[in-house]
Each structure stands twice: as C-alpha cells, then as structure tokens.
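Comments concern the structure below.
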Amino acid sequence: MSIDIRRKLELAIAGVRYIEIRSLFKKRRIKLPENSEKIDLVNPVKVMGGYLDVLNGRARLVPYSSSEGIDGIAQLLLDYARGIYPDRPDLEEAFETRRSRIIEVTDGLLADEKRDLLAEEIALRSTKLWPILSLAMSDGVTELYGVLGSCVYLDHIFLGRITVENVVLDERELDKIITVVECS
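Residue numbers for the sequence shown follow this note's numbering, so the first one is 19 and each next one is one higher.
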C-alpha cells in the first residue's frame with residue numbers, strides 16, 4: 019500500500035523524517051526529504067519560481083522553496099509533478115496543469131501565497147527547463163544571453179544587465195531549449 023502525496027506533505031510539514039508503510043508482505047521504512055535552513059536574501063528580486071538575489075550587477079537564482087526553507091517539501095511535490103502530463107504535448111499546458119494540481123494537493127496545508135509561489139516553482143522545475151525558463155518568463159526581463167560554458171546574463175528593465183552566477187548554459191540546457199523551440 020502506498021502512502022498518498024497529501025499525507026507525505028502533512029508529515030513533512032510536521033517535521034517527521036521517517037514513515038513506516040505496511041505493504042502486503044512487510045513493513046517498509048521511507049525517509050522523507052528534509053528541509054534546509056531558510057536562505058537569507060540580501061536584495062531579492064522576484065522571478066518566476068524564486069528570486070534573484072542581486073548585488074552589484076551579479077545575482078544568484080534562489081528557488082522559492084530554498085528561500086523559505088521548504089525545499090524538502092518541494093522535492094516531494096516535484097516527484098509528484100513529474101507524473102502529471104497534459105492531454106497534448108504543450109509546454110504552457112504542462113505548466114498550468116501541474117501548477118493547478120500542486121495547488122489542489124497543498125490546499126489548506128500552506129498559506130495561500132506560499133502555496134501559490136511553491137506551485138509556480140514546482141511547475142516550472144518539472145518542465146525540465148528550469149532555470150532558463152524561469153528567467154526568460156519573468157516580469158522585467160527583456161533579454162537573456164548565454165555562451166556555452168559561461169554564466170547566463172540578462173537585461174532587466176530596472177536593474178540593467180545582470181550576470182546570474184549560478185546558472186551556466188551547457189550543452190544539455192541548450193538541447194532542451196532547441197527541443198522546445200522545434201516542438202512549438
């Protein structure tokens with residue numbers, strides 16, 4: 019017997035680290051992912067699924083769940099979201115379908131704003147285009163640049179040109195972008 023995602027979330031939010039599940043033949047012990055410490059942001063700028071922590075033209079992309087110290091809960095939801103597929107292969111539909119399902123499953127467990135921001139992050143991360151899609155779709159970002167093997171940089175209407183130090187454009191990321199463009 020499998021434990022459902024909502025029950026796992028309830029236990030993780032309560033701080034439970036291990037759960038026992040009775041299967042037909044024996045008990046199994048499952049470790050729930052742990053949350054890390056909340057990350058303190060110096061100068062956060064909201065982007066889809068998280069924040070850019072900006073200082074002197076340089077930034078780090080921080081997922082919403084890491085900024086709140088709920089990345090263990092995010093991992094449970096990410097595993098759940100990877101099994102949700104839209105009726106047709108459409109990136110926007112996949113994002114919306116997963117976001118709405120995450121909102122449903124977390125309803126009442128988290129405050130509405132926290133739930134909505136976490137659902138946005140997980141839906142983006144589950145598309146496999148995280149973190150590039152997060153930056154490209156964010157308000158205020160006019161262009162996104164990258165050279166293979168280098169940090170990505172972007173132009174923002176208020177902040178100017180920003181180098182995102184923890185996002186590097188590699189062959190794998192480029193292949194994902196090409197696949198999405200070809201399928202669109």
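Note that the Cβ used here is the ideal one computed from N, Cα and C, for glycine as well.
Cβ atoms of ALA112 and THR145 come within 8 Å of each other, at about 6 Å. Partner residues in the beta bridge of TYR36, as assigned by DSSP, are LYS49. Shown here, GLU55 sits in coil according to DSSP, grouped into three states, outside any helix or strand.
Nearest C-alpha to LEU50 among ASN61, GLY33, LYS64 and PRO62: GLY33.
Classified as exposed, THR197 has fewer than 16 neighbouring CB atoms from the shown chains inside 10 Å of its CB.
With contacts defined by Cβ atoms closer than 8 Å, GLU38 and PRO81 do not form a contacting pair. Beta-bridge partners of TYR163 (DSSP): TYR171. When Cβ pairs closer than 8 Å are counted between the two stretches, the segment 122-131 is seen not to touch the segment 163-176, the count staying below three. Note on VAL60: under 16 other CB atoms within 10 angstroms of its CB, so exposed under the neighbour-count rule. In the displayed model, LEU128 falls within a strand according to three-state DSSP. Its chain contains LEU70 and VAL72 as the residues whose beta carbon lies nearer than 6 Å to that of VAL63, once the 5 sequence neighbours on both sides are disregarded; these appear in chain order.
Its chain contains LYS146, LEU147 and ILE150 as the residues whose beta carbon lies nearer than 8 Å to that of LYS194, once the 5 sequence neighbours on both sides are disregarded; these appear in chain order.
As for any alpha helix (DSSP H) of minimum length 4 sitting wholly inside the segment 60-147, the runs are 82-86, 89-99, 109-124 and 130-143, ordered along the chain. VAL170 is positioned such that its CB atom lies closer than 8 Å to that of VAL182.
Counting of Cβ neighbours within 10 angstroms places VAL185 among the buried residues, the total reaching 16 or more. It is roughly 23 Å from the alpha-carbon of ARG25 to the alpha-carbon of GLU55.
Note that the C-beta distance between ARG143 and GLY67 is below 8 Å.
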